[in-house]
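*Asks:*
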Amino acid sequence: MDHTPNTMPRQSWTFSNETNSEIRRAAATGIYDIRGGGAKRRVPHFDDLLFLGASMSRYPLEGYREKCETSVTLGTRFAKKPIELKIPITIAGMSFGSLSGPAKEALGRGATMAGTSTTTGDGGMTEEERGHSEKLVYQYLPSRYGMNPDDLRRADAIEIVVGQGAKPGGGGMLLGQKITERVAGMRDLPEGIDQRSACRHPDWTGPDDLEIKILELREITNWEKPIYIKVGGARPYYDVALAVKAGADVVVLDGMQGGTAATQDVFIEHVGQPTLACIRPAVQALQDLGMHRKVQLIISGGIRTGADVAKALALGADAVSVGTAALVALGDNDPKWEAEYQKLGSTTGAYDDWHEGQDPAGITTQDPDLMARLDPEIAGRKLRNYLNVLTLECQTLARACGKSHVHNLEPEDLCALTMEAAAMAQVPLAGTNWYPGKPGF
Amino acid sequence: MSITLDMAQVELREVNTTLQAAAKAQANEAYTITNTRGSHAIACGLDGPLEVTVQGSTGYYCAGMNKEAAITVTGSTGPGVAENMMSGVVTIEGDASQYAGATGHGGLLNIKGNASSRCGISMKGIDIVVHGNIGHMSAFMAQKGNLVVLGDAGDALGDSLYEARLFVRGDVKSLGADCIEKEMRPEHIELLADLLAKTGADAKPEEFKRYGSARKLYNFNIDHADEY
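Those protein sequences? They're chains B and E, same order as listed. full-length UniProt numbering numbers the first residue of the first sequence as 1 and each following residue consecutively. full-length UniProt numbering numbers the first residue of the second sequence as 1 and each following residue consecutively.
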């Protein structure tokens, strides 16, 4: 009998089981993997930062008694009617078509109850959303699906989408199974075909043109509406500077963890920068132009908790935006649908085939039976609750740092747990007064 | 009697405010804009019946998002004339730059001269008649409506076309992905005759060829990967 010890079977880090499964899937189908959501890889994030809190040199506010304001005004630069929000957390743009009508209604209900805005997406403005959103931001996208001057005028703000964090430089694709009669009608397309969304706007190229496009939109809307420009986290310093130059009232900056309805996995995971890495260059650009707090900065991409909100604000953002987290609050990826996720070859928390229209939670679908699973009133209340919790958490941290308004949070309130986070956020590594790239070292 | 707004005297904001108010009031008045000096966004966002004559040439986005108004430009127009037009008639006596009629949902854009590249890009129901030639990538991703060209078309006409109909009398340098020549049926002759008559075009419907979508790219197929 041979007693020679065997080495344990060793899995390759490079060729992991997950990697090999993708190779087999690609070999079988001949097509890249398309999915929804944002980057799933681990990247430096807000979890890698900590608040220092008050102590001998800082004076805290009484947690349950002293006021800590959360309001924010967006669009103070040029718009006659800036948007006033009770909380610095908005709902990100998500299209009707990728989401069901009831889901859009729920987003509007929840956002309105919490005192904030929601945002349309590629596919136009629905009555569900306009009717239930006290403050609605109307996205102006390359496809211009459903774009019309009447909706432009009944919007509370206009968001020109140049890019998004999940796919800076990429367009979109809504597969045919979600192009129902209603969705097709709103987009002026035949039913059941794959609907492509272009990656560039059809009638302008570059910031000089965009400045003129913004002039046109302001002329059409009597200079009333705040104009946002949304960019993906690619070159945040220059992108933000050019957005300001083009005339933006507000810049929305979306990092790579920001979600999409459907894009190639290779795009989501390999293009763009982590949200954490985008904020300081963006704020620096605003400061260099003397525009910090004059042109408001909204950060999105992986915001989940009140701590994330507070850290983004401390790094210089005026507000944040939530998309994926809002869907989870409505009921996306809920464990109660585990059996159905299994049937679809997925599991709770990992389900991301939103483009296929079979969402068990009834959110990313146009199937009437599945859609009926989402009660927009109940889901709206859940979203309100979630937004309230984010706000309370953010206030808790701000008070602990002695701030009477969440906008008074500052980088000096933070330290970093890792070298990478210290470099990206430009706050000291915990226990030191140093971060990589700090002048003078 | 036409009311004159002289842009040497009044700012763009006042011009557009005046025109928008008159259109909204359904006054059916006539306005003439003078000394345009290539200004951008002239007569954009009009929402009602109004007759506007823009004397001279304009910059970007003249007549953008027009509804119901009849706007005539006596000179040439910069990029994006009548972009996203919903209804009404926009007539250009001269030439039009890039993206003429881009994403237009309805109405009629009548260009008496030539149109540059990307004419009718992503059009969604507008009718565009160009009496001269059009540039490359015209009718890219065009969804609905009709593009009529009395002259020649540049490279990649109708690339990634959806259901828009393209009629060209002259030469087409090349067709874009999924765009093919199609049979001219009686209903197309009738449609074309109507558009030619409306725009005062000196041409016969029988002189045109029709181009449309082969519909091979409507649902992703890996065998068509080379087309993308």
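C-beta: ideal position from N, C-alpha, C; glycine also.
Please list the partners that L198 of chain B has in chain E, where partner means a Cβ-to-Cβ separation under 8 Å.
*Replies:* Taking the first residue of the first sequence as position 1, residue 198 of chain B is located at position 198. One point to set straight first is that residue 198 of chain B is Ala, not Leu, in the sequence displayed. Result: S122, M141.
*Asks:* If you run the structure through DSSP and keep just helix, strand and coil, what is I363 of chain B?
*Replies:* The residue given as residue 363 of chain B occupies position 363 in the first sequence. I363 of chain B: coil per DSSP, three-state reduction.
*Asks:* Count the other C-beta atoms from every protein chain shown that fall within 10 angstroms of the C-beta of M141 of chain E, then say buried if there are 16 or more, exposed otherwise.
*Replies:* Numbered from its first residue, the second sequence carries residue 141 of chain E at position 141. Buried, by the Cβ-count rule.
*Asks:* Say whether chain B places a C-beta atom closer than 8 Å to the C-beta of A156 of chain E.
*Replies:* For the purposes of this step, residue 156 of chain E is taken as the residue at position 156 of the second sequence. No, its Cβ sits nowhere closer than 8 Å to a Cβ of chain B.
*Asks:* Between which two residues does the beta strand (DSSP E) carrying V73 of chain E extend?
*Replies:* Mapped onto the second sequence, residue 73 of chain E falls at position 73. Counting along the chain, the beta strand (DSSP E) containing V73 of chain E begins and ends at 70-73.
*Asks:* Does the separation of the CB atoms of V89 of chain E and L108 of chain E fall below 8 Å?
*Replies:* Here residue 89 of chain E is taken as the residue at index 89 of the second sequence, counted from 1. Here residue 108 of chain E is taken as the residue at index 108 of the second sequence, counted from 1. A contact, by the Cβ cut-off of 8 Å.
*Asks:* Measuring CB to CB, does residue 231 of chain E end up less than 8 Å from L5 of chain E?
*Replies:* Beyond the ends of chain E as shown, which are 1 and 228, falls residue 231 of chain E; an answer cannot be given.
*Asks:* Does R210 of chain E get closer than 8 Å to chain B when you measure Cβ to Cβ?
*Replies:* If you number the second sequence from 1, residue 210 of chain E lands on position 210. Closer than 8 Å: no.
*Asks:* Do we get a CB-CB distance below 8 Å when we pair residue 448 of chain B with the residues of chain E?
*Replies:* Outside the shown range of chain B, which is 1 to 441, sits residue 448 of chain B, and nothing can be said about it.
*Asks:* Do you know how far the Cα of V322 of chain B is from the Cα of S117 of chain B?
*Replies:* Taking the first sequence and counting its residues from 1, the one referred to as residue 117 of chain B is at position 117. Taking the first sequence and counting its residues from 1, the one referred to as residue 322 of chain B is at position 322. C-alpha separation (whole angstroms): 11 Å.
*Asks:* Which residue's Cα is closest to the Cα of V72 of chain B: B:Q296, B:G63, B:R24?
*Replies:* One-based indexing of the first sequence puts residue 72 of chain B at position 72. Nearest C-alpha to V72 of chain B: B:Q296.
*Asks:* Helix or strand or just coil, what does DSSP make of I67 of chain B?
*Replies:* If you number the first sequence from 1, residue 67 of chain B lands on position 67. With the sequence shown as reference, residue 67 of chain B is identified as Lys, and Ile is not the correct amino acid for it. Correct three-state label for K67 of chain B: coil.
*Asks:* Between which two residues does the alpha helix (DSSP H) containing F267 of chain B stretch?
*Replies:* Here residue 267 of chain B corresponds to residue number 267 of the first sequence, with the count starting at 1. Element bounds for F267 of chain B: 265-270.
*Asks:* Which chain B residues are close to F167 of chain E, counting only those with a beta carbon under 8 Å from its beta carbon?
*Replies:* Counted from its first residue, the second sequence places residue 167 of chain E at position 167. Per Cβ cutoff of 8 Å: no residues; F167 of chain E is ~20 Å from chain B at best.
*Asks:* Spell out the partners DSSP gives R196 of chain B in its beta bridges.
*Replies:* By 1-based counting over the first sequence, the position of residue 196 of chain B is 196. Partner(s): B:M173.
*Asks:* Would you mind telling me which residues of chain E sit closer than 7 Å to P360 of chain B, beta carbon to beta carbon, in chain order?
*Replies:* Counted from its first residue, the first sequence places residue 360 of chain B at position 360. The premise fails here: P360 of chain B is roughly 24 Å from chain E at the closest Cβ pair, so nothing lies under 7 Å.
*Asks:* Between which residues of its own chain and E93 of chain E is the CB-CB distance below 6 Å, once the five residues before and five after are set aside?
*Replies:* Numbered from 1 along the second sequence, position 93 holds the residue referred to as residue 93 of chain E. Closer than 6 Å at Cβ, skipping near neighbours: T74, K112.
*Asks:* Which chain E residues are close to P202 of chain B, counting only those with a beta carbon under 9 Å from its beta carbon?
*Replies:* Translated into the one-based positions of the first sequence, residue 202 of chain B becomes position 202. Correct list: G80, E83, Y99, A102, T103, R118, I121, S122, F140, M141.
*Asks:* In the structure shown, what three-state DSSP assignment does I179 of chain B receive?
*Replies:* On the first sequence, position 179 is the one that residue 179 of chain B refers to. Here I179 of chain B sits in coil by DSSP.
*Asks:* Among the candidates E:S76, E:A69, E:Y162, E:T18, whose CA atom is the shortest distance from the CA of G38 of chain E?
*Replies:* The count along the second sequence starts at 1 and reaches residue 38 of chain E at position 38. Ranking the options by Cα distance to G38 of chain E, first place goes to E:S76.
*Asks:* In the DSSP assignment, what are the bridge partners of V250 of chain B?
*Replies:* The sequence position of residue 250 of chain B within the first sequence is 250, counting from 1. For V250 of chain B, which the question treats as bridged, DSSP gives the partners B:Y228, B:Q296.
*Asks:* Are the segment 51-68 of chain B and the segment 185-200 of chain B touching, with three or more C-beta to C-beta distances below 8 Å?
*Replies:* no
*Asks:* Would residue 278 of chain E and G45 of chain E qualify as a contact pair, given that the criterion is a beta-carbon distance under 8 Å?
*Replies:* Here chain E has residues from 1 to 228 only, and residue 278 of chain E is not among them.
*Asks:* When you compare only the Cα positions, how much space is there between S346 of chain B and P368 of chain B?
*Replies:* On the first sequence, position 346 is the one that residue 346 of chain B refers to. On the first sequence, position 368 is the one that residue 368 of chain B refers to. So the two alpha carbons sit approximately 22 Å from each other.
*Asks:* In angstroms with no decimal places, state the Cα-to-Cα distance between Y238 of chain B and A285 of chain B.
*Replies:* Your numbering for residue 238 of chain B matches position 238 in the first sequence. Your numbering for residue 285 of chain B matches position 285 in the first sequence. Roughly 7 Å separates the two Cα atoms.
*Asks:* With L192 of chain E as the anchor, note down where its alpha helix (DSSP H) starts and where it stops.
*Replies:* Working through the second sequence from its first residue, we reach residue 192 of chain E at position 192. 186-198 is the span of the alpha helix (DSSP H), which, as asked, contains L192 of chain E.
*Asks:* What are the boundary residues of the alpha helix (DSSP H) that includes T275 of chain B?
*Replies:* Along the first sequence, one-based indexing puts residue 275 of chain B at 275. Residue range 275-288 is occupied by the alpha helix (DSSP H) that includes T275 of chain B.
*Asks:* Shortest alpha-carbon distance to K230 of chain B belongs to which of B:E219, B:R218, B:A329, B:A243?
*Replies:* In the first sequence, residue 230 of chain B corresponds to position 230, counting from 1. With respect to the C-alpha of K230 of chain B, the residue from B:E219, B:R218, B:A329, B:A243 having the closest C-alpha is B:A243.
*Asks:* Taking the Cβ atom as the reference point for each residue, do M419 of chain B and P439 of chain B lie within a distance shorter than 8 Å?
*Replies:* As a working note, residue 419 of chain B is residue 419 in the first sequence. As a working note, residue 439 of chain B is residue 439 in the first sequence. Not a contact, by the Cβ cut-off of 8 Å.
*Asks:* Based on Cα-Cα distance, which residue from E:N66, E:A25, E:T72 lies nearest to D95 of chain E?
*Replies:* Counting from 1 along the second sequence, the entry for residue 95 of chain E is found at position 95. Comparing Cα-Cα distances from D95 of chain E to each of E:N66, E:A25, E:T72, the minimum goes to E:T72.
*Asks:* Using beta-carbon positions only, say whether E105 of chain B and Y138 of chain B come within less than 8 Å of one another.
*Replies:* By 1-based counting over the first sequence, the position of residue 105 of chain B is 105. By 1-based counting over the first sequence, the position of residue 138 of chain B is 138. It is not a contact, given that the beta carbons lie outside the stated cut-off.
*Asks:* Quick check on the DSSP output: the beta strand (DSSP E) that includes G212 of chain E runs from which residue to which?
*Replies:* Position 212 of the second sequence, counting from 1, holds the residue named residue 212 of chain E. First-last of the beta strand (DSSP E) with G212 of chain E: 209-213.
*Asks:* Just curious, the beta strand (DSSP E) that G125 of chain E is in, first and last residue?
*Replies:* Translated into positions along the second sequence, residue 125 of chain E becomes position 125. It spans 124-130 - the beta strand (DSSP E) in which G125 of chain E sits, taken as one unbroken run.
*Asks:* So, with DSSP's three-state summary, where would you put E181 of chain E?
*Replies:* Locating residue 181 of chain E in the second sequence gives position 181, counting from the first residue. Correct three-state label for E181 of chain E: strand.
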